[in-house]
Amino acid sequence: MTPVHFSFSSAFMLGLMGLTFHRTHLLSALLCLEGMMLSLFIALSLWSLQLESTTYATAPMLLLAFSACEAGAGLALLVATTRTHGTDHLQNLNLLQC
Amino acid sequence: MNPYVLAILLSSLGIGTTLTFASSHWLLAWMGLEISTLAIIPLMAQQHHPRAVEATTKYFLTQATAAAMILFASTTNAWTTGEWNIQEMSNPTALVLITMALALKIGLAPVHYWLPEVLQGLDLTTGLILSTWQKLAPFALIYQISPMMNPTLVIMLGLASTIIGGWGGLNQTQLRKILAYSSIAHLGWMMIVMQYSPNLAILNLILYITMTTATFLTFKNVASTKLSTLTLTWSKTPMMTTMAMMTLLSLGGLPPLTGFMPKWLILQELTKQDLPLTASIMALAALLSLFFYLRMCYAMTLTIAPNTNNNTSTWRQKSSQTTMTLSITTTLALALLPITPAIMALTT
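In order, the protein sequences belong to chains A and B.
Quick note: the working numbering has the first sequence finishing at residue 104, numbered continuously throughout.
Quick note: the working numbering has the second sequence finishing at residue 1283, numbered continuously throughout.
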């Protein structure tokens, strides 16, 4: 495992741990998702730099575009949740449990 | 919803799944999954009531996490082996990660908790899309990586899904939650046979989609989402109630109906692979599922609900809903067992 591989893996895992274990606010969950996507962006760009392959140079941009769309959908849902539930606390999303 | 927006969303839903089907590169497969997730979100949240928004939020968080994990695992695989092809993954850690991420995407047992809640918050049409069309893309990826997956993990996912799918549905009275647990149990049957005979898993998926479409469309036609409203369907449409009872028994896997075919073939395959214990556990777990299907049948056809209405309502206007899909899928869900040899010849 190279140092680069280790660092992006640990960045991703930190984001995933934050998403799964620290679930107070929806906004912090969305930030964790964004952090995961950015670590993947770093991984993909360094991969294409290391291989010096121009075919993969567009891959990080595509990833960034998709993660921006995802973040936009997430923020729209944040607004919708705040309007319907009053807060962005994930603990309040309990209407469907039984 | 505006018809133009609806057309764009539905075609993106189709394009996303098709892109995942057609790709051999992990990045494109991931893009297809993301497109279909992003396309269904507005469809889920179009009624602005709190339950729909909550279900959408939960669905978004799980699907986004699963998609990020898939991309992370394939990037790890690319960093260690330099290979982006779906069918040539070889890093064991990446394979375990990707199996769990795909299990999260389709709702297999240890990571299934989102599925009943999300399905409960949606209307029946979107629920139908969620439990049929949205399963196809992740399932195609599972099919492609199935020869390399960790056998113990696959067996554990399959067994846990069938048992928990049967067990969880026992205590439910909401039809959509029961159907969600039924989906988990059926996916468990598909996972267990995935590495021994992938074509059987595909056959099971096709038949499950047929039967569950028939069930969802029946419930949509009589507009019922609870067991208690299901008891009134006989007065509205007696014939469809009878058919729905048999469709439910077909989902449960009783012999003269279609649903028996995949269970029979899978049990035979497991026995041939010298796994009698696994086959017995699967057969016994199917009984748990059968219990809640039987309870739905009982409430629907064998009891008369304690209310003032005690004969069929002749004055009721004819329903204006289209029933073509419903009649075709019901016929397929009831009567395919006799042509099992032909279907086997087509799929294997």
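We put the CB at the ideal spot given by N, CA and C, even for glycine.
Asked, Found
"For Lys1253/B, three-class secondary structure by DSSP", "coil"
"Any C-beta of chain B under 8 angstroms from that of Gly24/A", "no"
"In chain order, each alpha helix (DSSP H) run of at least 4 residues that lies wholly inside the region 1021-1094 of chain B", "1027-1041, 1049-1055, 1059-1066, 1068-1080"
"CA-to-CA distance, Thr972/B to Met19/A, given in whole angstroms", "23 angstroms"
"Residue from Ala77/A, Asn100/A, Thr90/A, Gln103/A whose Cα sits closest to the Cα of Leu33/A", "Ala77/A"
"Coil, strand or helix - His28/A by DSSP", "coil"
"Straight-line gap, Ala1036/B to Pro9/A (C-alpha atoms, nearest Å)", "25 angstroms"
"Cβ neighbour criterion (16 or more within 10 Å) applied to Val1046/B", "buried"
"Coil, strand or helix - Gln97/A by DSSP", "helix"
"Cβ of Gly1056/B within 8 angstroms of any chain A Cβ", "yes"
"For Gln1109/B: DSSP bridge partner residues", "Lys1161/B"
"Three CB pairs or more closer than 8 angstroms across the region 1115-1125 of chain B and the region 1041-1056 of chain B", "yes"
"Nearest-angstrom Cβ-Cβ length linking Leu1065/B and Ile975/B, presumed shorter than 8 angstroms", "7 angstroms"
"Beta carbon proximity, Ser15/A to chain B, threshold 8 angstroms", "yes"
"Inter-residue spacing [alpha-carbon to alpha-carbon] between Pro1219/B and Leu1094/B", "Checking the sequence shown, residue 1219/B turns out to be Leu, not Pro. Using only the alpha carbons, I get a separation of about 11 angstroms."
"Chain-ordered neighbours of Phe72/A on chain B, where CB pairs are closer than 7 angstroms", "Met966, Glu969"
"CB contact below 8 angstroms: Leu1006/B versus chain A", "yes"
"Any C-beta of chain B under 8 angstroms from that of Glu76/A", "yes"
"Distance, Thr1060/B Cα to Leu945/B Cα", "13 angstroms"
"Contact test: Gly1101/B Cβ vs the ligand COA heavy atom, cutoff 7 angstroms", "As for the ligand COA, it is missing from this structure, which has no ligand bound."
"Contact with chain A by Ala999/B, beta-carbon distance below 8 angstroms", "yes"
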